Every structure is written in C-alpha cells, then in structure tokens.
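Encoded as structure tokens, the structure appears first; notes follow it.
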Ligand code: HEC
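Numbering (my numbering), first residue to last: 1 to 123.
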C-alpha cells in the first residue's frame, strides 16, 4: 500500500468512528423509549391483553400498588371499553404489575442533610 493510500484509509476510518458510536447510542435509546415490559413472570399476559389499545409505554411509565393497578383496570373497563378479564387472568396481571411496577416509596430526591449543604450566608 502506498503512503497516500494509507492516509486515505486512515482518514476514512477516523471519520466513520463517530458514526458507529452514534448508531449504537440511538439503538440503546430506542429500547428504553419503546416501553418494553420487564420480562418477568406473567409479562406475556400483559403484552397480550394490555397493548391492544395503547402501547406498553403507558404501562411501564406508571407505577402503583395492587389496589392502584386494579382501579386503573376498573377505570378502563368502566369507560374505555376494556372487557372483563376474569378473576384468574386479572389476578396474574395484577401480580405482575404490582411486582414489577409497584408503588414507589418516593419520587423525589431526599433533601441533603444540613452538614452536606453549602454554607448559608443569611444564617
Ligand atoms: C379496550 C382498550 C384498552 C385495553 C385493552 C387496555 N387499555 Fe389501558 N387505557 C385505555 C385507554 C383508552 C387509556 C387512556 C389513554 C390515554 O390517556 O391516552 C388507557 C390508559 C391506561 C393507563 C394510564 C392510566 C392513567 O392513569 O394515566 C394505564 C396504566 C393502562 N391503560 C394500563 C393498562 C393495562 C395494565 C391493561 C391490561 C389489563 C390495559 N391498559 C388495557 C384503553 C385500554
């Protein structure tokens, strides 16, 4: 290979590196943005019964206790055309939702303890 050819190759490779990383980055973003359900026991039931009218994104971005999830299902049954699931199926779906998308203890960061705060000039 002539030196000139080497330079051209090196330039091409260097220029294409950012492209490789950009594509990898956007693929990673896509998988979180697509709202994929956590694949734990029962997830197929949710995929099969809960993603007909809306994407799973609306499910994964929500959280709550079993009662909260039950009330959401009842709300969809009362007003959004969701049919009866039957006790067994509903129970399994609620188990999955409450286990994997349970009540968050806190959605906000706790305040810093006083000794970690910057000094307050007004005190
Ligand atoms: C017959 C259609 C239908 C089916 C099937 C359905 N949903 Fe929904 N769901 C809706 C509609 C309509 C909304 C409101 C959508 C919106 O606000 O854009 C909704 C909203 C939601 C919300 C958001 C509620 C909120 O408080 O913002 C959650 C969570 C949800 N559904 C979960 C589920 C789960 C879990 C299942 C399976 C048991 C399910 N959905 C099946 C129609 C359905």
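All C-beta atoms in this analysis are idealised placements derived from N, C-alpha and C, irrespective of residue type, glycine included. For clarity, every value in this text was computed on a predicted model and none was experimentally measured.
To the nearest angstrom, report how far apart residue i and residue j are at their CA atoms.
| i | j | result |
| --- | --- | --- |
| residue 92 | residue 105 | 23 angstroms |
| residue 66 | residue 111 | 29 angstroms |
| residue 123 | residue 94 | 51 angstroms |
| residue 33 | residue 49 | With a pLDDT of 44 at residue 33, under the threshold of 50, the modelled position of this residue cannot be trusted; read the value that follows with caution. Each residue's alpha carbon lies about 21 angstroms from the other. |
| residue 38 | residue 70 | 19 angstroms |
| residue 36 | residue 62 | 13 angstroms |
| residue 26 | residue 56 | At residue 26, the pLDDT of 47 sits below 50, so the modelled position is not reliable and the matter cannot be decided from this model. |
| residue 191 | residue 77 | Because the chain is modelled from 1 through 123, residue 191 falls outside the range shown and cannot be assessed. |
| residue 109 | residue 12 | 46 angstroms |
| residue 9 | residue 103 | 55 angstroms |
| residue 120 | residue 114 | 10 angstroms |
| residue 5 | residue 16 | 17 angstroms |
If you follow the alpha helix (DSSP H) that residue i is part of, which residue opens it and which one closes it?
| i | result |
| --- | --- |
| residue 45 | 43-50 |
| residue 79 | 66-79 |
Going by the beta-carbon positions, is the gap between residue i and residue j smaller than 8 angstroms?
| i | j | result |
| --- | --- | --- |
| residue 40 | residue 2 | no |
| residue 46 | residue 59 | yes |
| residue 43 | residue 96 | yes |
| residue 90 | residue 73 | yes |
For residue i, name the three-state secondary structure that DSSP assigns.
| i | result |
| --- | --- |
| residue 101 | coil |
| residue 38 | coil |
| residue 89 | helix |
| residue 54 | coil |
| residue 62 | coil |
| residue 121 | coil |
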